[in-house]
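S.K.:
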Amino acid sequence: MGPADMDRGPLDDKMLLDEQAPPGNQTCDDDRQNERGHSIVKDYEDLEVQKAELKKVQDDYRKQIQEFKDAGVEFEDEVMVHKMQIHQILRTIKEMEVEKEVKLGVLRAEQHKLNTAILKFAKSVQKAREATESFGEKIATLQGKLMAAKNREKCLPSEYQDK
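Taking the UniProt record's numbering, I'd label the letters of the sequence shown as residues 1 to 163.
1. Under the three-state reduction of DSSP, which class applies to Glu-153: helix, strand or coil?
2. Pull up the distance between the alpha-carbon of Lys-120 and that of Ala-128, whole angstroms please.
3. To the nearest angstrom, report how far apart Ala-140 and His-112 are at their CA atoms.
4. Under 7 angstroms Cβ to Cβ from Ser-56, same chain only, skipping five residues before and after it: list those, please.
5. In whole angstroms, what is the alpha-carbon distance linking Asp-59 and Ile-86?
6. Between the C-alpha atoms of Gln-66 and Glu-97, what's the straight-line distance to the nearest angstrom?
7. Here's the rule I'm using: 16 or more other beta-carbon atoms within 10 Å means buried, otherwise exposed. How should Leu-11 be labelled?
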């Protein structure tokens with residue numbers, strides 16, 4: 001028996017053909033056939049509704065896939081824009097670092113010059129202090145000699161007057 005023959009049962013000798021059935025049984029058979037026909041029609045209509053729903057679900061699914069693809073393309077575009085912005089920022093930062101290194105080098109050179117000038121100034125201040133001390137000592141010596149000379153001068157007129 002194949003799948004198409006499933007609703008057919010083996011014929012018994014006891015079964016009567018429609019023409020042979022008593023008149024009351026024929027109406028039941030007609031009712032059964034009508035019910036079965038209505039059931040088949042209803043099943044077919046349900047199947048058509050399910051097919052329509054399936055088609056709608058498939059269309060919705062295709063739309064979602066397309067929306068996801070479009071969103072993916074937009075996302076990739078945004079990612080590319082952000083990557084380009086990040087690369088530009090990094091390039092700018094590197095340029096700023098190079099500029100800072102150059103400026104730092106210039107500042108270090110200026111600081112070295114300033115330190116050298118400060119050392120020279122400190123040495124000249126030290127020499128000036130030493131010269132001032134030496135000058136102070138010479139002044140003290142000269143003042144001592146001057147005082148001695150004044151004392152001698154005071155003494156001289158009185159010596160000459162005594163003589």
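Using N, Cα and C, we set each Cβ at its ideal position, and we do this for glycine too.
M.R.: Walking through what the data contain:
1. On the sequence shown, position 153 is the one that residue 153 refers to. Residue state, collapsed to three classes: helix.
2. Taking the sequence shown and counting its residues from 1, one reaches residue 120 at position 120. Taking the sequence shown and counting its residues from 1, one reaches residue 128 at position 128. When rounded, the distance between both Cα atoms is 12 angstroms.
3. Looking up residue 140 in the sequence shown gives position 140. Looking up residue 112 in the sequence shown gives position 112. Near 41 angstroms, if we compare the C-alpha coordinates of His-112 and Ala-140.
4. For the purposes of this step, residue 56 is taken as residue 56 along the sequence shown, with counting starting at 1. Note that residue 56 is Lys in the sequence shown, not Ser. Excluding positions up to five away in sequence, the list is empty.
5. Counting from 1 along the sequence shown, the entry for residue 59 is found at position 59. Counting from 1 along the sequence shown, the entry for residue 86 is found at position 86. Cα to Cα, the separation comes out at about 40 angstroms.
6. Residue numbering aside, residue 66 sits at position 66 when the sequence shown is read from its first letter. Residue numbering aside, residue 97 sits at position 97 when the sequence shown is read from its first letter. Roughly 46 angstroms between the two C-alpha positions.
7. In the sequence shown, residue 11 corresponds to position 11, counting from 1. The predicted model places Leu-11 with a pLDDT of 48, which falls under 50 and marks its position as unreliable; any figure quoted below should be read in that light. Exposed, by the Cβ-count rule.
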